[in-house]
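**Q**
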Amino acid sequence: MSKKVAVVTGANKGIGFAIVRELCKAKFTGDVILTARNEKLGNEAVKMLKSEGFEVSYHHLDICDQGSAKQLSNFLQKTYGGLDVLINNAGMAFKNDATETFGEQGSAKQLSNFLQKTYGGLDVLINNAGMSFKNDATETFGEQAEVTMRTNFWGTLWVCHALLPLLRPNARVVNVSSFVSKKALDTCSPQLQAKFRDTELSEEELCLLMGQFVIAAQRGNHQAQGWPNTAYGTTKIGVTVLSRIQAHFLTKTRAADGILLNACCPGWVRTDMAGSKAPKSPEEGAQTPTYLALLPEGMKEPHGQLVWDKTVQEW
886 MSKKVAVVTG ANKGIGFAIV RELCKAKFTG DVILTARNEK LGNEAVKMLK SEGFEVSYHH
946 LDICDQGSAK QLSNFLQKTY GGLDVLINNA GMAFKNDATE TFGEQGSAKQ LSNFLQKTYG
1006 GLDVLINNAG MSFKNDATET FGEQAEVTMR TNFWGTLWVC HALLPLLRPN ARVVNVSSFV
1066 SKKALDTCSP QLQAKFRDTE LSEEELCLLM GQFVIAAQRG NHQAQGWPNT AYGTTKIGVT
1126 VLSRIQAHFL TKTRAADGIL LNACCPGWVR TDMAGSKAPK SPEEGAQTPT YLALLPEGMK
1186 EPHGQLVWDK TVQEW
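Using this note's numbering, the letters of the sequence shown map in sequence onto residues 886 to 1200.
(1) Taking the DSSP output, what are the residues bridged to residue 1072?
(2) Give the single residue among 911, 1122, 1105 whose Cα lies nearest to the Cα of residue 1060.
(3) Would you be able to state if there are at least three C-beta pairs under 8 Å between the region 1140-1153 and the region 1189-1200?
(4) Is DSSP giving residue 1144 helix, strand or coil here?
(5) Quick test of the definition: if touching needs 3 or more C-beta pairs under 8 Å, does the region 1082-1096 touch the region 1052-1059?
(6) Does residue 1076 pass the burial test, meaning 16 or more other C-beta atoms within 10 Å, or should it be called exposed?
(7) Of all the beta strand (DSSP E) runs that stay within the bounds of the region 946-974, which reach a length of 3 or more residues?
(8) With DSSP as the reference, please indicate the residues paired to residue 1150 in a beta bridge.
(9) Can you tell me whether residue 910 is buried or exposed, with buried defined as 16 or more other CB within 10 angstroms of its CB?
(10) Starting from residue 930, follow the alpha helix (DSSP H) in both directions and report where the run begins and ends.
(11) Put residue 897 into one of helix, strand or coil per three-state DSSP.
(12) Which value, in whole angstroms, describes the spacing of the CA atoms of residue 1036 and residue 936?
(13) Which runs of the alpha helix (DSSP H), 4 residues or longer, sit entirely within the region 1040-1089?
(14) Residue 1124 and residue 1041 look like a contact to me (Cβ under 8 Å); what is the Cβ gap, rounded to whole Å?
(15) For residue 1031 versus residue 1097, is the C-beta spacing smaller than 8 Å?
(16) Assuming residue 1034 is part of the alpha helix (DSSP H), what are its boundary residues?
(17) For the structure I just gave you, are there three or more beta carbon pairs, one from the region 947-961 and one from the region 1086-1094, closer than 8 Å?
(18) Less than 6 Å between C-beta atoms, sequence neighbours within five positions excluded: which residues of the same chain meet that for residue 939?
(19) Under a three-way DSSP split, which group does residue 1184 fall into?
(20) Roughly how many whole angstroms lie between the Cα atoms of residue 965 and residue 1101?
(21) Quick one: what's got a C-beta closer than 7 Å to residue 1110's C-beta in the same chain, skipping five residues either side?
(22) Measuring only the C-alpha atoms, how far is residue 1106 from residue 1067?
(23) Taking Cβ to Cβ, would you say residue 1181 is nearer than 8 Å to residue 972?
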């Protein structure tokens, strides 16, 4: 059997970097690949981890570029023959919009190619990357909604489309979301809440809803149409619901393979994006994503859930 491999997106700093370190500390039995959009920063992060005695490698991934995700997929397939852990952490927010963050997507294709080529699959994926705009951002709310949606929701979706087909039996997928998604959902209209909580909602229908929010935000009538006044929170509704949909799909199509996929909230963490006043360190924020990524074989749950502090949250 090919060597196991774990991929963490948006991992050159902050929570993503801490997740990579925690996977190494936990002695993940395989290779750990740190991905980032900026090659220089990604390689510097790898160098730092290697100085601590951890074996980590870098692969470029811009989650806002579908070709980048495909290249990663091809690499994984060729090198490993599959994928065992995927942690989708990359994300972004405008700090003047409710506490949002910024991320990436696009080199997802490149990473997919790399994983396919090197490992032949994927065992663990943690999507985590992130960045933020300053408080004096001059973008309109509609512009912020479009950029934030492209990174946090579409970026995560594109990476999943590129890499989930590589998942091997007993693989683990973690989509880093936020409990802000629950708060944002509670401020949606009853009609929108019902749609998002509908367990029969399809991926196509979810994508349509996310697009409708951006259009409404650009027109300035999103609140009148029942949407919350937060771009970040709405994108994280999308990530949380997408995780449920993806988990149901895996249950239907690969029930015997023991794959678990969940969304999680790392908490309010001291990062460039969240600021220095947050109560949690990046290492503390990495605990729940790492816990979900390393759930033992044979476990059947959690699956398709939103997890915070290692506890399933009511959605």
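Where is the CB? At the ideal position from N, CA and C, for every residue including glycine. The structure presented is a predicted model; accordingly, all values stated were derived computationally and were not measured.
**A** Result, derived from the coordinates:
(1) DSSP, once it has assigned bridges, lists no residue as partnering residue 1072.
(2) 1122
(3) yes
(4) coil
(5) no
(6) exposed
(7) 966-973
(8) 1193
(9) exposed
(10) 924-936
(11) coil
(12) 31 Å
(13) 1041-1048, 1065-1071, 1075-1082
(14) 6 Å
(15) no
(16) 1026-1034
(17) no
(18) 909
(19) coil
(20) 43 Å
(21) 1101
(22) 22 Å
(23) no
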